[in-house]
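Per the numbering used here: the sequence shown = residues 47 to 452.
Idealized CB from N, CA, C, for every residue including glycine.
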Amino acid sequence: MKFYFPDSQDLVSPTYDFVNDEYSPYRVRQRDDVYAHQAVTPIPYDGILVSKAVVDGSVKGSGKYSSPQRERFYRLGIRSFFRLPATCLTIGDCGAFNYIDEERPPYDVDEVLDFYGRCGFDAGISIDHIIFGYIPEESDTLPEDSWIARQQISLDLAEEFITATKKTGARFEPVGAAQGWGPQSYAHSVKQLQEMGYQRIALGGMVPLKSHEILSCLRAIDDIRSPETQLHLLGINRVDSMEQFARHGVTSFDSTSVFRQAFMDDRNNYHTATDSYTAIRVPQVDGNPALKRLILSGNVSQAEAIIAERACLRALREFDAKEISKEEVLAVLAVYESLVLGPKKKSYLEIYRRTLTDAPWRTCPCALCKKHGIEIMIFRGSERNKRRGFHNLTVLEAKMRKLTFG
């Protein structure tokens, strides 16, 4: 079972100064910052997924890459741009989430072929159009006309795509994109893609589905799937179900969920093999919009907020060095939290008590926790938050390694 990590230009600076919260004056981001596969060992994924919409932009915007980054990506190719080790695989897609509201995908087959070919991808997924709707097999509900149209658009583009790869002698592996709204419609897409000649098929639009619904679709696909056909799950990370998915032909998946939980989730920010913890929020006074509004309105003193912020960071570091107690840290955190959240919002202090009691970073074997200690548990700025995301990737990698795939 291969895990691909979708790229969104997430890097960290190895020379970042956590005490003073500043970068080295000599830092050049593209040259000096590192990706997760450079920051931790073993590499926490089998490969990376890069979307055309992220690199080139789409109808929703300019994408995650600046013009110089985009030019460099095309010039160097995917392997050199990401400084990938030889063992790391690459796969590309079009980033269908970025044009979900459009009537048709904004790309044509030739430009997608050019993207995959020029950039040196190992595999490339055909252009698809997401269907965000699901009808259980036992339901009598009929699909919307737009769902049927999107499935046919995806199949037509897939046929055009594989025909073009053969005609041009493309060096990457073509992967067919299957869209559906239930078990039989996904099976129909897979059957059609196999008849076109695809031996690897990516199942899209399944992100909102529950694991049992995904399994229902996989069982229906089993009835028509050729033994040599391999399935990829787009945007799906269900570790508890991966062994079951593998029994139905799934050999790879991609997801950013464990990485994004580090800074997007309200509670489950730091993962361990058996649990998850809430990171301790110490927002920067000059970087927290809500706090800035309170300061500008005169409800909070800026000087008082800065003093409380610095006291929190100092107390957390002293706790990590076992110089002060958990209760002393919580008392300091309470002062700053009252300024940031105010009296109306729910306090995190009791949740922090659990985080500080267990102190999971102290026993974590990953290189980032060993190097940075409690800094990785502080919810503050991209350097700490992304490192915590990289840590979560190492936990996922370890969990996947323990699973048994027949």
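Within the model, the alpha-carbon separation for residue 336 versus residue 180 is close to 38 Å. Residue range 98 to 102 is occupied by the alpha helix (DSSP H) that includes residue 100. Linking residue 281 to residue 301 through their CA atoms gives a straight-line distance of about 5 Å. In the same chain as residue 112, and ignoring 5 residues on each side of it, no C-beta atom comes closer than 8 Å to its own. Residue 267 holds the alpha-carbon nearest to the alpha-carbon of residue 238 among 267, 328 and 49. Taking the C-beta atoms as reference points, residue 141 is found no nearer than 8 Å to residue 170. Runs of the beta strand (DSSP E) lying entirely within the stretch 139 to 189, each at least 3 residues long, are 169 to 171 in chain order. By the criterion of at least three beta-carbon pairs nearer than 8 Å, the stretch 241 to 256 is not in contact with the stretch 186 to 195. Within the stretch 67 to 122, the runs of beta strand (DSSP E) at least 3 residues long that lie entirely inside it are, in chain order, 93 to 97. In summary, residue 295 is buried, with 16 or more beta-carbon neighbours lying within 10 Å of its beta-carbon over all protein chains present. Shown here for residue 346: same chain residues with a beta carbon closer than 8 Å to its own, the five before and five after excluded, namely 337, 340 and 385 in chain order.
A direct Cα-Cα distance of roughly 15 Å separates residue 398 from residue 317. Residue 370: not part of any beta strand (DSSP E); DSSP gives it neither H nor E. The beta carbon of residue 270 sits closer than 8 Å to the beta carbons of 233, 236, 237 and 240 from its chain, once the five residues preceding and following it are set aside; these are given in chain order. In this structure, residue 83 keeps its C-beta atom at 8 Å or more from the C-beta atom of residue 165.
By the C-beta criterion, the stretch 323 to 335 is judged not to be in contact with the stretch 118 to 128, since fewer than 3 inter-stretch pairs fall below 8 Å.
The beta carbons of residue 323 and residue 334 sit about 22 Å from each other, so the pair does not count as a contact at 8 Å. Segment contact: the stretch 433 to 443 against the stretch 360 to 378, fewer than three CB-CB distances shorter than 8 Å; contact not assigned. Taking C-alpha positions only, residue 411 is separated from residue 312 by approximately 25 Å. The DSSP assignment places 191 to 214 and 229 to 242 as complete runs of the alpha helix (DSSP H) inside the stretch 190 to 263, in order along the chain (cut-off: 4 residues). Boundaries for residue 318: no alpha helix (DSSP H) harbours it, and the DSSP string shows neither H nor E there. Using a C-beta cut-off of 8 Å, the stretch 209 to 227 makes contact with the stretch 248 to 255, since at least three inter-stretch Cβ pairs fall below that distance. According to DSSP, residue pairing for residue 298 in a beta bridge involves 48 and 278. Rounded to whole angstroms, the separation of the alpha carbons of residue 420 and residue 377 is 17 Å. The stretch 85 to 100 and the stretch 64 to 71 do not touch, with fewer than three beta-carbon pairs separated by less than 8 Å.
Taken in chain order, the whole beta strand (DSSP E) runs of length 3 or more contained in the stretch 414 to 438 number zero.
Ranked by Cα distance from residue 306, the options 52, 60 and 276 are led by 52. Per DSSP, the continuous alpha helix (DSSP H) segment holding residue 398 begins and ends at 395 to 404.
Proximity to residue 309 across 320, 272 and 430 peaks at 430, based on C-alpha coordinates. Sequence-distant Cβ neighbours of residue 200 in its own chain, meaning closer than 6 Å and more than five residues away, are 174, 175, 223 and 225.
In the DSSP assignment, residue 391 falls outside any alpha helix (DSSP H), carrying neither H nor E.
In this structure, the CA atom of residue 119 is about 21 Å from the CA atom of residue 220. From the listed residues 73, 144, 72 and 325, the smallest Cα separation to residue 107 is found for 144. Between residue 167 and residue 218 the beta-carbon gap is near 5 Å, inside 8 Å, which marks them as a contact.
Cβ contact annotation for residue 93 (same chain, cutoff 7 Å, sequence separation greater than five): 48, 50, 134, 135, 136 and 137, in chain order. Looking at the backbone, the Cα of residue 56 and that of residue 71 are separated by about 20 Å.
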